[in-house]
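Here the sequence shown is numbered in our numbering, starting from 1 and rising by one per residue. Have a look at the structure below, then the notes.
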Amino acid sequence: MRKFMMLLMGATLFCVHLFAQREPVTGKITDSSGAPLAGASVRVEGTPITTLTATDGTFTVNAATKAKNLIVTYVGLENITVPITGRPLLITMKASNRDLSEVVVVGYGTKLKRDITGSVATVGAKEISNTPSTSFESAIQGRAAGVAVSQQNGKLGQGINIKIRGTSSVTAGNEPLYVIDGIPVTTDDLSSNGASTNALADLNMNDIESIQILKDASSAAIYGASSSNGVVLITTKKGKAGTSKIELNYFTGLQHPTGKRDFLNAKQYVDFFTQAGQGAANQDFINGYYPSLAAAQADYTSYISGRFTRYGAGTTDWQTAKVNTDWQSQAFQHAPISQYDLNFSGGSDKTKYFISGQYLDQTGIIVRNSLKRYSARMNLDHQVKDWLTVGVNLNFVRTNNYRVSNDNAFSTPLQIVALSPITPYTDPRTGLISGALDPASGNPNTNYPVYYNPILGVVDASYNTFVNRTFGTSYAKVTLTKDLLFRSEFGVDQLNQAEESYSGKLTARNSGVPNGSGSYGTTQVLNLTTNNYFNYKKSIGQNNDFDVLVGTSFTKRQYDFSNASGEQFPSDAYKKLVNAASKTDASSSSTSSTLLSYFSRIGYKLYNRYLLTLTGRIDGSSRFGANNRYGTFFGVSAGWIISDEAFMKNVKWLNLLKLKVGYAGNGNDRIGDFAARGLYSGNAAYGGQAGQHPTQLANPNLKWESTYGSDIGLEAAILNNRVTFELAYYDKRTSDLLLNKEIPGTSGFSIQTQNVGKLKNSGVEFSVNTVNVRRKIFSWSTNFNISANRNKITFLNGQLLGGGVNKAKEGEPLGVFYAREFAGADPANGDALYYKNTPKADGSIDHTTTNDYNAAADVKIGDPNPKFIYGFSN
Numbered sequence: 001m002r003k004f005m006m007l008l009m010g011a012t013l014f015c016v017h018l019f020a021q022r023e024p025v026t027g028k029i030t031d032s033s034g035a036p037l038a039g040a041s042v043r044v045e046g047t048p049i050t051t052l053t054a055t056d057g058t059f060t061v062n063a064a065t066k067a068k069n070l071i072v073t074y075v076g077l078e079n080i081t082v083p084i085t086g087r088p089l090l091i092t093m094k095a096s097n098r099d100l101s102e103v104v105v106v107g108y109g110t111k112l113k114r115d116i117t118g119s120v121a122t123v124g125a126k127e128i129s130n131t132p133s134t135s136f137e138s139a140i141q142g143r144a145a146g147v148a149v150s151q152q153n154g155k156l157g158q159g160i161n162i163k164i165r166g167t168s169s170v171t172a173g174n175e176p177l178y179v180i181d182g183i184p185v186t187t188d189d190l191s192s193n194g195a196s197t198n199a200l201a202d203l204n205m206n207d208i209e210s211i212q213i214l215k216d217a218s219s220a221a222i223y224g225a226s227s228s229n230g231v232v233l234i235t236t237k238k239g240k241a242g243t244s245k246i247e248l249n250y251f252t253g254l255q256h257p258t259g260k261r262d263f264l265n266a267k268q269y270v271d272f273f274t275q276a277g278q279g280a281a282n283q284d285f286i287n288g289y290y291p292s293l294a295a296a297q298a299d300y301t302s303y304i305s306g307r308f309t310r311y312g313a314g315t316t317d318w319q320t321a322k323v324n325t326d327w328q329s330q331a332f333q334h335a336p337i338s339q340y341d342l343n344f345s346g347g348s349d350k351t352k353y354f355i356s357g358q359y360l361d362q363t364g365i366i367v368r369n370s371l372k373r374y375s376a377r378m379n380l381d382h383q384v385k386d387w388l389t390v391g392v393n394l395n396f397v398r399t400n401n402y403r404v405s406n407d408n409a410f411s412t413p414l415q416i417v418a419l420s421p422i423t424p425y426t427d428p429r430t431g432l433i434s435g436a437l438d439p440a441s442g443n444p445n446t447n448y449p450v451y452y453n454p455i456l457g458v459v460d461a462s463y464n465t466f467v468n469r470t471f472g473t474s475y476a477k478v479t480l481t482k483d484l485l486f487r488s489e490f491g492v493d494q495l496n497q498a499e500e501s502y503s504g505k506l507t508a509r510n511s512g513v514p515n516g517s518g519s520y521g522t523t524q525v526l527n528l529t530t531n532n533y534f535n536y537k538k539s540i541g542q543n544n545d546f547d548v549l550v551g552t553s554f555t556k557r558q559y560d561f562s563n564a565s566g567e568q569f570p571s572d573a574y575k576k577l578v579n580a581a582s583k584t585d586a587s588s589s590s591t592s593s594t595l596l597s598y599f600s601r602i603g604y605k606l607y608n609r610y611l612l613t614l615t616g617r618i619d620g621s622s623r624f625g626a627n628n629r630y631g632t633f634f635g636v637s638a639g640w641i642i643s644d645e646a647f648m649k650n651v652k653w654l655n656l657l658k659l660k661v662g663y664a665g666n667g668n669d670r671i672g673d674f675a676a677r678g679l680y681s682g683n684a685a686y687g688g689q690a691g692q693h694p695t696q697l698a699n700p701n702l703k704w705e706s707t708y709g710s711d712i713g714l715e716a717a718i719l720n721n722r723v724t725f726e727l728a729y730y731d732k733r734t735s736d737l738l739l740n741k742e743i744p745g746t747s748g749f750s751i752q753t754q755n756v757g758k759l760k761n762s763g764v765e766f767s768v769n770t771v772n773v774r775r776k777i778f779s780w781s782t783n784f785n786i787s788a789n790r791n792k793i794t795f796l797n798g799q800l801l802g803g804g805v806n807k808a809k810e811g812e813p814l815g816v817f818y819a820r821e822f823a824g825a826d827p828a829n830g831d832a833l834y835y836k837n838t839p840k841a842d843g844s845i846d847h848t849t850t851n852d853y854n855a856a857a858d859v860k861i862g863d864p865n866p867k868f869i870y871g872f873s874n
């Protein structure tokens with residue numbers, strides 16, 4: 001007991017001694033203008049003792065007498081180490097140039113953010129890693145002004161559209177060029193059922209270090225023929241020298257459909273169509289089709305009641321609204337999602353590595369839709385000699401996508417809303433899903449419900465897509481002199497896709513085959529690229545800096561496709577084509593293209609504030625005609641860092657003010673691999689003899705779509721870089737649109753791919769970023785951006801593009817929807833009449849009617865007084 005008391009007293013005296021050794025250190029912290037800094041962090045060096053400054057910038061912190069320094073930090077300002085003295089400290093913090101010295105990836109190299117003269121948006125790993133998304137396109141939504149991200153539907157792994165500063169083409173593609181670690185990758189829709197797929201769904205978002213979006217024409221011009229829609233540069237993560245790191249991440253969640261529509265319930269449905277029938281009876285009586293109003297109403301009442309009974313599975317439950325099916329809910333499901341990520345990184349001064357793996361298991365909100373993705377990556381860099389560094393980036397992905405039908409097919413789940421609420425989910429006559437079997441014959445039903453029930457496809461059909469994909473890049477970097485380096489890259493993007501579908505007996509009404517049909521198709525895409533370039537960086541004196549890039553690139557793309565189908569299976573237990581009694585089709589095809597390029601970029605900086613960039617590229621493509629095989633693209637841009645001028649030195653609150661202007665030409669080569677060539681097909685067999693026939697008329701004069709764009713922008717940073725702004729205006733004009741133009745039938749062909757048409761885009765962008773709080777355990781930043789784009793087709797040589805409701809006309813924005821204006825029923829035969837606008841000699845319009853739907857006048861959606869017709873379907 002005595003020993004314990006002595007020990008306790010010793011410990012108490014030791015604590016008192018320690019306490020006595022701590023002394024308060026006081027001071028005040030201001031910025032370079034003398035304004036007090038509230039919330040600055042003050043830490044005693046070598047200890048966890050930390051405090052924050054008050055609103056007037058003052059602080060007090062207890063430090064041991066042996067402590068020598070304080071570490072002071074503040075968001076947007078340079079960290080500072082301050083010696084502890086015996087008197088109050090007056091500390092002044094300077095603005096940090098960290099944001100301005102950030103290295104940004106541009107085409108075939110990097111540049112300081114401060115020196116960029118084009119419009120480049122950057123999205124970092126930290127920004128997308130906190131987004132509950134499985135694809136990087138969704139993660140960048142709303143993060144970059146002028147970049148519009150739209151998902152075509154709610155299906156997993158399917159098309160996502162990204163438009164950068166509007167639409168630059170009509171038929172040659174409007175998606176940007178995607179480049180991963182310096183190598184362009186395949187982004188084509190490879191689906192064979194019309195429901196587009198998204199090749200970028202194979203990319204693991206957590207492997208991405210940064211995303212740079214080259215928005216303006218001058219910054220994208222280095223990619224020449226493929227750059228008119230902008231360029232998205234994706235850089236994957238690298239290892240860093242130092243302690244090895246192991247990271248394990250996991251997230252899970254549950255997805256629910258939102259924004260569901262309100263449809264008529266059973267009572268509203270019956271009341272609505274009953275009133276519609278009475279209105280039609282009144283109109284027919286007025287038109288003289290019935291001897292009396294009572295006769296007309298009785299006839300329509302009988303007709304409508306018969307329809308209601310048919311929709312109600314042969315019962316009269318519709319009279320009391322006993323059945324009230326919410327078909328919309330049947331198309332959706334609660335959708336769990338889980339994702340597991342594990343990565344290892346680290347290395348030494350000479351060797352650095354990053355290894356990652358991911359497993360994603362996601363169920364879609366649409367019934368029967370789900371996706372699984374398995375991904376593995378290894379990025380390795382090694383310095384062989386002082387003058388030689390080599391590396392490899394290798395990524396393998398397996399994606400299993402369990403899909404549903406295309407949106408415009410009656411078999412797709414969302415088309416289920418066409419069914420009436422008085423139709424029961426289960427047919428009481430069979431005890432099966434409505435439409436599964438005809439209660440009389442026992443065969444699949446062809447007359448009930450009124451439309452095909454998509455749930456039959458959910459339970460007795462499948463459409464699955466399996467992708468094995470390899471992204472690979474290897475490089476060697478040779479330092480020839482301290483100012484000159486050479487880099488050689490070789491990249492491969494190999495995509496092997498298999499699509500397997502089966503429609504069972506219950507789907508006969510939709511498939512047209514009573515005993516099941518199936519198909520199996522494969523698509524193989526091989527994209528090989530090599531880049532070789534020299535980069536020369538030289539400073540002459542203190543005021544002249546040069547950055548010169550010269551290189552060449554070669555890309556070969558190979559597409560191979562095969563498909564086979566069969567019908568009449570013994571039962572739904574046999575779904576492979578070997579079991580089909582009838583092999584109905586087999587086909588295969590192959591296309592390829594090559595692109596040879598020469599490029600150069602010259603950057604010049606004078607007095608560290610006057611910036612000039614010149615870009616040039618020559619592309620030769622096998623896709624274009626012999627007379628226009630090569631295209632030349634150029635760009636020029638300049639920048640002026642106004643805030644570095646002598647007359648701005650006293651503006652302490654302004655950290656950066658930069659003016660940028662640029663003008664450049666870009667191209668678009670997204671057409672068929674053989675669009676310019678005369679083609680033949682060998683499927684013209686006759687009488688048992690093989691034969692061939694021409695299928696496409698050659699056009700040796702076919703050339704690139706060309707987009708010339710100008711851009712002017714202003715960048716600003718204030719309040720110690722805590723608030724940054726960017727404002728830009730752009731104007732893009734595209735000519736020589738690649739279109740299928742109608743030609744005289746005497747040629748033996750109906751269309752030919754030609755360069756016809758012009759369009760333009762103009763717009764304005766504004767973005768502001770603020771750093772509100774940044775601490776070790778908590779950070780808060782804000783990003784706001786807004787943009788407006790106006791798109792217009794200016795010339796089509798009188799041609800009308802498209803059909804139905806989606807067409808393109810001169811003088812109209814691209815993608816305007818049209819409808820036919822309904823005028824009523826023809827009293828002579830009951831056929832529909834449509835208004836027809838016929839120009840008269842005096843310039844007025846004769847608003848007459850016609851039975852010809854195709855000749856009826858187009859009414860742009862949004863015009864006043866549009867007319868629609870509702871009725872029963874047979």
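We put the beta carbon where it would ideally sit given N, CA and C, even for glycine.
Q. From the DSSP output, which residues share a beta bridge with V384?
A. According to DSSP, which records beta bridges pairwise, V384 is partnered with nothing at all.
Q | DSSP-derived helix/strand/coil call for T53 | A | Coil, per DSSP.
Q.
Give me the residue from K660, S474 and P700 with the minimum Cα distance to Y729.
A. Comparing Cα-Cα distances from Y729 to each of K660, S474 and P700, the minimum goes to K660.
Q: Could you have a look at L612 and say whether DSSP puts it in helix, strand or coil?
A: The answer is strand: DSSP assigns L612 an E or B state.
(Q) Taking 8 Å as the threshold (C-beta atoms), are T53 and A38 in contact? (A) In contact: A38 and T53 (Cβ atoms closer than 8 Å).
Q: Figure out for me which residue from P291, G288 and A276 has the closest Cα to the Cα of Y300.
A: Checking every option, the nearest Cα to that of Y300 belongs to A276.
Q) Do V392 and L380 have their C-beta atoms closer together than 8 Å? A) Yes. Within cutoff.
Q. With contact counted as at least three CB pairs below 8 Å, one residue from each stretch, are the region 230 to 238 and the region 202 to 214 in contact?
A. Note that the region 230 to 238 touches the region 202 to 214; at least 3 beta-carbon pairs, one per stretch, sit closer than 8 Å.
Q: Measure the Cβ-Cβ separation of L394 and G472 and say whether it is below 8 Å.
A: In this structure, G472 lies closer than 8 Å to L394 by Cβ.
Q) Grouping DSSP H, G and I as helix and E and B as strand, with all else coil, what is A698? A) Residue state, collapsed to three classes: coil.
Q: Note down the Cα distance separating I160 from S150, rounded to an integer number of angstroms.
A: Distance between the alpha carbons of I160 and S150 is about 6 Å.
Q. Can you name the start and end residues of the alpha helix (DSSP H) that L293 belongs to?
A. Run containing L293: L293 to Y311, per the alpha helix (DSSP H) assignment.
Q | From Y425, S592 and R722, residue whose alpha carbon lies closest to that of A313 | A | Nearest C-alpha to A313: Y425.
Q. Alpha carbon to alpha carbon, what distance is there between N531 and K477?
A. In a straight line, the C-alpha of K477 is about 12 Å away from that of N531.
Q: Starting from K126, trace the alpha helix (DSSP H) both ways and give me its first and last residue.
A: Looking at the DSSP string, the run of the alpha helix (DSSP H) that includes K126 is A125 to S129.
Q. What do you reckon, are the CB atoms on S345 and G239 nearer than 8 Å?
A. Their beta carbons are under 8 Å apart, which means S345 touches G239 by this criterion.
Q: Measure the Cβ-Cβ separation of G109 and L549 and say whether it is below 8 Å.
A: Yes, they are a contact pair.
**Q.** Residue nearest to D644 in terms of C-alpha spacing, selected from N655, F634 and A638
**A.** It is N655 whose Cα lies nearest to the Cα of D644.
Q.
Beta-carbon within less than 6 Å of S503's beta-carbon, same chain only, minus the 5 sequence neighbours each way: which residues are those?
A. Excluding residues within five positions, the ones whose Cβ falls inside 6 Å are A461, S511 and S517.
Q: Report the rounded CA-to-CA distance for L90 versus S41, giving the unit in angstroms.
A: In a straight line, the C-alpha of L90 is about 15 Å away from that of S41.
Q) Using the C-alpha atoms, what's the distance from L614 back to T50? A) Roughly 50 Å between the two C-alpha positions.
**Q.** When S588, A586, S565 and S587 are compared against L577, the one with the closest alpha-carbon
**A.** Comparing Cα-Cα distances from L577 to each of S588, A586, S565 and S587, the minimum goes to S565.
Q: Note the first and the last residue of the continuous beta strand (DSSP E) segment covering N161.
A: Unbroken beta strand (DSSP E) run through N161: I160 to I164.
Q: Apply the 10 Å Cβ neighbour rule to S571 and answer buried if 16 or more other Cβ atoms are within range, or exposed otherwise.
A: Looking at its Cβ environment, which holds fewer than 16 other Cβ atoms inside 10 Å, S571 is exposed.
**Q.** Length of the line joining the Cα atoms of G166 and N761
**A.** Between G166 and N761, the C-alpha separation is close to 6 Å.
Q) Out of curiosity, what's the CA-to-CA distance linking K385 and S348? A) Cα to Cα, the separation comes out at about 14 Å.
Q: Output yes or no for whether 8 Å exceeds the beta carbon distance between T197 and T465.
A: Taking 8 Å as the cut-off, the Cβ atoms of T197 and T465 count as close.
Q. Mind checking W318: buried by the 16 CB within 10 Å criterion, or exposed?
A. It counts as buried.
Q: Give, in chain order, every unbroken run of the beta strand (DSSP E) that is at least 3 residues long and sits entirely within the region 361 to 431.
A: Fully enclosed beta strand (DSSP E) runs of 3 or longer: 370 to 385 and 388 to 403.
Q: Give the straight-line distance between the Cα atoms of Q524 and D669, rounded to the nearest whole angstrom.
A: When rounded, the separation of the alpha-carbon atoms in Q524 and D669 is 21 Å.
Q. Can you give the beta carbon distance from A675 to L702, rounded, assuming they're within the 8 Å contact cut?
A. That pair is a contact at about 6 Å.
Q.
Between which residues of its own chain and P514 is the CB-CB distance below 6 Å, once the five residues before and five after are set aside?
A. Here the set comprises A508.
Q: With K267 as the anchor, note down where its beta strand (DSSP E) starts and where it stops.
A: Unbroken run through K267 is the alpha helix (DSSP H), A266 to I286; no beta strand (DSSP E).
Q) Of the residues A321, G288, R310 and S292, which one's Cα is nearest the Cα of Y269? A) Of the candidates A321, G288, R310 and S292, the one whose C-alpha sits nearest the C-alpha of Y269 is A321.
Q: Drop a sphere of 10 angstroms on the beta-carbon of W327, count the other beta-carbons inside from all chains shown, and report buried for 16 or more, exposed for fewer.
A: Buried is the call here.
Q. Would DSSP call N468 helix, strand or coil?
A. Of the three classes helix, strand and coil, the one that applies to N468 here is strand, per DSSP.
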